[in-house]
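In the UniProt record's numbering, the protein residues as written are 1 to 80.
Every residue, glycine too, gets a C-beta built ideally from N, C-alpha and C.
Working notes, beginning with the structure itself.
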């Protein structure tokens with residue numbers, strides 16, 4: 001009984017980790033898709049052109065120490 005319970009808990013933990021990884025991959029893929037498409041798509045979704053968005057990402061990374069994944073989490077709730 002205890003072994004079955006531990007196995008179930010471990011599977012659930014692994015599933016949660018896999019799910020988080022998949023969500024992170026989907027968010028980053030969507031963001032990079034926006035950036036690569038065109039300035040029109042980038043402006044309509046992010047309210048800035050690709051050049052400005054890249055400058056913002058560089059500033060946040062260099063000055064603020066924020067990784068790109070944190071930026072994805074910041075932007076994505078507005079577009080879900």
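Beta-carbon proximity of residue 46 to residue 60, cut-off 8 Å: The beta carbons of residue 46 and residue 60 sit no closer together than 8 Å.
If you measure between the beta carbons of residue 49 and residue 39, is that distance less than 8 Å? Using a Cβ distance threshold of 8 Å, residue 49 and residue 39 count as a contacting pair.
How far does the alpha helix (DSSP H) with residue 43 in it reach, from first residue to last? Note, residue 43: alpha helix (DSSP H), 39 to 46.
Close Cβ partners of residue 43 (< 7 Å) along its chain, the five nearest in sequence each way excluded: Counting only residues of its own chain and dropping the five nearest sequence neighbours on each side, residue 43 has a CB closer than 7 Å to the CB of 49.
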